């Protein structure tokens, strides 16, 4: 197994890279279902299934595209980004197809920073909306 550099992780919409992302973090959470009752002697019992699963993806970067700004400030009534794909760099030597995660995501927060002597930056959070599909890397 080899290590990879973070800049090789790509976030795309309709196969076009969302420009300027410098940091992307992927957070998965699955809400537990507690079914503990009196006969469980005070020991918590959880169902195997999640009540709700979600992916949140905080992103930060340098403004190189107006895509996220337009989605936030534009006239659109939706903040859903369809056809999002996250592509990880290949980790296992000999594999040729990278791992991917595809799905629809909603832009739930967005901010821009504009220091007078530096590049305009942005940060935001993408939240999964609906089913997502993870495909592991392969040979």
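In the numbering used here, the protein residues as written are -19 to 119.
Virtual Cβ for every residue (Gly too), placed ideally from N, Cα, C.
Please read all numbers here as calculations on a predicted model, not as lab measurements.
Tell me which residues share the same chain as residue 78 and place their Cβ nearer than 8 Å to its Cβ, disregarding the 5 neighbours each side in the sequence.
67, 68, 69, 70, 117
Alpha carbon to alpha carbon, how far is residue 17 from residue 27?
13 Å
Quick one, are the C-beta atoms of residue 3 and residue 39 less than 8 Å apart?
yes
List the DSSP bridge partners of residue 107.
36, 86
DSSP beta-bridge partners for residue 14?
26
Suppose only complete runs of 3+ residues qualify. What are the beta strand (DSSP E) ranges in the stretch 44 to 82, listed by chain order?
60 to 67
Distance, residue 15 Cα to residue 88 Cα:
32 Å
In chain order, what residues of the same chain have a beta carbon less than 7 Å from the beta carbon of residue 48, not counting five sequence neighbours either side?
87, 90, 102, 104
Residue 64, buried or exposed, once every other Cβ within 10 Å from all chains shown has been counted against 16:
buried
Mapping DSSP to helix, strand and coil, what is residue 117?
coil
Between the alpha carbons of residue 33 and residue 96, how many angstroms are there, rounded?
41 Å
C-beta atoms of residue 112 and residue 83 nearer than 8 Å
yes
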